[in-house]
Every structure is written in C-alpha cells, then in structure tokens.
Amino acid sequence: MQPYPVRWITTDLAVGYAPRSHNDLATIRATGIAAIVNLCAECYDLCDLEKKAEFDVYYMPIPDEEAPALEDLEKALAWVADCINAGKKVLVHCRFGIGRTGTFVAAYLMSKGHSLKAAIRKMKHTPSIPMSRNQWDLLERYTEKLGVSRADAPELREEIEQPSDSFFKKWEAMLDWYKK
C-alpha cells in the first residue's frame, strides 16, 4: 500500500482524498498537519476517526458534486484561517479529493487575494478542481461577493464531451488522479 499522498497548495494548506486507514491518518500527522476540513457527506463516521486521531476537525458535509451554501463556506474558510493563524497546517479532503476539495480550496485562495483563475492554476499539480456546474456557480457568486473581476474566471468548456452518468464521471476523475 502506498503512503497517503499529501499535496501542498501553500506551506500551510494541503489537499487529499478521504483517509482510508489509520496508516493514512498517521502519514497525514507525520507531515505536520494538525487540522482537517472534511467535506464528505457520504463518510460521516470518518470525522469521528479523525478526531480520535487528535486532529482538529471542521466537518462540512457536502453531497458529491454539490457545493455548500455561501454562508457555510465562509464559516469554514474563517475556521481554516484561524487554524493557520494559530500555526496549524490544514488538510482539506472530500472522498476523492477532486470537486468539493477543489471548490473549497479555490475559495480559500480567493479569500486570500487570488483571482479564481490564479487559484485554479495554483492547484494544477493536484486532482483538486471544481467539477460540477453547482461548484463553479458557487465560485462565481463568491467572486462577485469579493469583487474580483469575472474576466479572470475560467470559461467552462461545454464542447468537452462529459459522461452523462455521474458514476462514470467519478471513475474517470479517480483514474485521472491515480495516473498522476
């Protein structure tokens, strides 16, 4: 079994997928991470395991391919900022570390002054990227709230053929991530 791949976005913020074992949690801890944002609605008991492993945990359950309410997002972003200001390193994850994770981390980077386009570029070395229309819509609303130019927002490429079944979308994204 390969060690858990922590992918750093900043010196204090990393992304990953839902830890699958106590070894994964130990690997995460060994990187210096002390706090976790868990976005998995489908892995509701994982939050308890993360807390038992002595991580500070912010649990914001979001259904797969969905986005949180803007108010909920802002509360979670404030929690991350407080953790980082207290000297803690933070891991953000959803089940596979793709859509929900990418959406959350893009919003965090925007809250720190990055444009949406720059935030997405900063995560390019990871599988974390908003995947659904709901996630992009949330980031557009957040862009407007922050007053960031919409000209910086990446265009959605409708011409790319997308599998119609969400099952295949998840598998395709997961396989792409594992190829990296």
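Sequential numbering of the sequence shown, starting at 200, is according to this note's numbering. From the three backbone atoms N, C-alpha and C, an ideal C-beta is built for every residue, glycine too.
Nearest CA to the CA of residue i: which residue from the options?
i	options	result
C293	H313, P260, L315	P260
V256	L290, E273, D271	L290
G286	A233, T300, A306, R299	A233
Apart from the five residues just before and just after residue i, which ones in its own chain have a Cβ nearer than 7 Å to its Cβ?
i	result
R356	At R356 the pLDDT is 34, less than 50, meaning the model places this residue with poor confidence; the figure from the coordinates comes in the next sentence. Excluding residues within five positions, none has a Cβ falling inside 7 Å.
L308	A318, K321
Among residues of its own chain, excluding the 5 on either side of residue i, which ones have a beta-carbon nearer than 8 Å to its beta-carbon?
i	result
G231	K288
V304	I208, L212, V214, V291, A318, M322, S327
I283	D211, L212, V289
How many Å lie between residue i and residue j at the Cα?
i	j	result
A350	E253	With a pLDDT of 39 at A350, under the threshold of 50, the modelled position of that residue is not reliable, and the figure given next carries that caveat. The alpha-carbon atoms of A350 and E253 are separated by roughly 42 Å.
H221	P267	28 Å
E249	L224	7 Å
R219	E273	28 Å
I235	W278	10 Å
P329	G312	19 Å
Q169	T226	Nothing about residue 169 can be reported from this structure: the residues present for the chain run from 200 to 379 only.
A240	D281	23 Å
Give me the Cβ distance between residue i and residue j, rounded to the nearest whole Å; I'm assuming they're in contact under 8 Å.
i	j	result
A217	C242	5 Å
P262	I297	With 8 Å as the limit, P262 and I297 do not qualify as a contact, their Cβ atoms being about 14 Å apart.
L238	R340	About 18 Å separates the two Cβ atoms, so there is no contact after all.
M345	T302	The sequence as given places Leu at residue 345; Met does not occur at that position. So it is not a contact: roughly 15 Å between Cβ atoms.
Could you check if residue i is buried or exposed, using at least 16 other CB atoms within 10 Å of its CB as the buried criterion?
i	result
E343	exposed
Q334	buried
R332	exposed
Can you list, in chain order, the residues of its chain whose CB lies under 6 Å from that of residue i, leaving out five sequence neighbours each side?
i	result
S310	L276
E354	With a pLDDT of 40 at E354, under the threshold of 50, the modelled position of this residue cannot be trusted, and the question is left open.
Please find out if some non-hydrogen atom of the ligand FMN comes closer than 6 Å to the beta-carbon of residue i.
i	result
G215	Ligands in the displayed structure: none, and consequently the ligand FMN is not present.
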